[in-house]
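Residue numbers (numbering that gives the first Met the number 0): 0 to 139.
The beta carbon of each residue, even a glycine, is placed where N, CA and C say it ideally should be.
What follows is one structure encoded as structure tokens, with my remarks underneath.
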Amino acid sequence: MKRRKRTEILIQGDGSLAKALAVSITQKYECREVSVPEQGMIMVKMRESAKNSLFYMGEVLITEAKVEISGKIGTGLLVGMDEQRATHLAIIDAAYKAQLPEAADWEHQLLEEEKKIRMAKAQQQAELFETKVSFETMEV
0 MKRRKRTEIL IQGDGSLAKA LAVSITQKYE CREVSVPEQG MIMVKMRESA
50 KNSLFYMGEV LITEAKVEIS GKIGTGLLVG MDEQRATHLA IIDAAYKAQL
100 PEAADWEHQL LEEEKKIRMA KAQQQAELFE TKVSFETMEV
């Protein structure tokens, strides 16, 4: 599984999976904080469709953390203020970079979490469609 997809699943999920995976690593391996979780601002880049040019839409608040496991540095970065989850993401990223044996077994758990996320989005979409008004049946 690619890093981007894995990170999206861990951020969009409820957080318990990221915590469980990170705890399983910190219990067995030495985990050194390279930089403490800190907030910052980044510019959001967007593509303007008519001219197909890039522009900066504005700034967004992020939380970033870095840890080192077995000589590999992992980074956790997410939108908002969630220092704990940023640290968990950094630990998981470092575990993948260090090719720890535990990381090889996580794909099934991540795919299950992705299914839960899809189901929740589908439920939300279905609830939204229930409130949709059909103007064709309204009488004037």
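For MET118, which beta-bridge partners are listed by DSSP?
-> Bridge partners of MET118: none, in fact.
According to DSSP, residues forming a beta bridge with ARG31 | In the DSSP output, where bridge partners are listed per residue, ARG31 has GLU67.
Buried or exposed (CB count within 10 angstroms, at least 16 for buried), GLY70 = exposed
Around the C-beta of GLU7, are 16 or more other C-beta atoms found within 10 angstroms, so that it is buried, or is it exposed?
-> exposed
Tell me, please, which residues DSSP counts as bridged to VAL43.
-> GLY57
MET42 versus MET0, VAL78, LYS131, residue with shortest Cα-Cα distance | VAL78
Determine, using beta-carbon pairs with one atom in the stretch 80 to 88 and one in the stretch 107 to 120, whether at least three such pairs fall under 8 angstroms.
-> no
Delimiting residues of the alpha helix (DSSP H) encompassing SER15 = 15 to 25
Can you tell me whether TYR66 is buried or exposed, with buried defined as 16 or more other CB within 10 angstroms of its CB?
-> Going by the sequence as given, residue 66 is Val instead of Tyr. With 16 or more other Cβ atoms within 10 Å, it is buried.
Return the chain-ordered list of same chain residues with a C-beta closer than 8 angstroms to the C-beta of TYR55, the five sequence neighbours on each side being excluded.
-> MET42, VAL43, LYS44, MET45
Just confirm the distance between the C-beta atoms of ALA93 and ILE68, as a whole number of angstroms; I'd bet it's less than 8 angstroms.
-> 4 angstroms
With a Cβ-Cβ cutoff of 7 angstroms, do THR62 and PRO36 count as a contact?
-> One thing to note: THR62 has its Cβ within 7 angstroms of the Cβ of PRO36.
Please work out which residues of its chain come closer than 6 angstroms, Cβ to Cβ, to TYR95, disregarding the five sequence neighbours upstream and downstream, and give them in chain order.
-> ALA102
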